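Beneath this line is the structure, given in structure tokens, with notes to follow.
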Amino acid sequence: MTTMTTRPPLTPGPLSTQTVALPSGPEAPSHARRAAAAFLHRTRPALGPERDDDVLLIVSELVTNAVRHAPGGPSALTLTTTADTLDIAVTDHSCVPPAPRVPDLIDGTGGMGLHIADDLGARVFTEPLPGGKCVHAAFDAEPPG
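Every number in this note's numbering is 227 more than the matching position in the sequence shown, counting from 1.
Below, the structure written as structure tokens:
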């Protein structure tokens, strides 16, 4: 898994973007999934509807990480489409970057989110921000053919 600390260039010029402030409690992931589902339905990114479940799973995992590792503070979900990418971005108030770890499959205490995003083909990277960070998972559209 590649976790970067600088943001690689995305295709210039977003076609559509939406930012949603998230509640700070356990309802944040479901709130984020609903917002993401509406965004995907409205914008139909080049990624294609067959990847919607993958996108919603990654949204849920990234937001769950924010709730778990930066509790009580503000967080937000930003979805951005370009002609050939979909960027999922979750900001929170913790400056500590996510670190991949061995998933705990016995107790179910986590460690799977970043691995899931990587397995689904997303480019995962972290952008440091003043007073926090932004974790991105970016999908490239499949080339036509």
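C-beta atoms are modelled at their ideal positions from N, C-alpha and C, and glycine is treated no differently. Keep in mind it's a predicted model, so treat the numbers as computed, not measured.
- Only exposed fits valine 329, as fewer than 16 other CB atoms lie within 10 angstroms of its CB.
- Taking 7 Å as the cut-off, the beta carbon of threonine 305 is found no closer than this to the beta carbon of alanine 293.
- Inclusion of threonine 307 and threonine 244 in the CB contact set at 7 Å is warranted, their separation being smaller than that value.
- By the beta-carbon neighbour count (other beta carbons within 10 angstroms, threshold 16), histidine 296 is exposed.
- The DSSP-derived three-state label of glycine 338 is coil.
- In the DSSP annotation of this structure, the continuous segment of the alpha helix (DSSP H) that includes leucine 284 starts and ends at 279 to 296.
- Under the DSSP assignment, proline 256 falls in the alpha helix (DSSP H) whose first and last residues are 255 to 270.
- DSSP lists Ala316 and Phe352 as the bridge partner or partners of histidine 363.
- Leucine 313 and glutamate 288 have their C-alpha atoms roughly 16 Å apart.
- Boundaries for serine 251: no beta strand (DSSP E) harbours it, and the DSSP string shows neither H nor E there.
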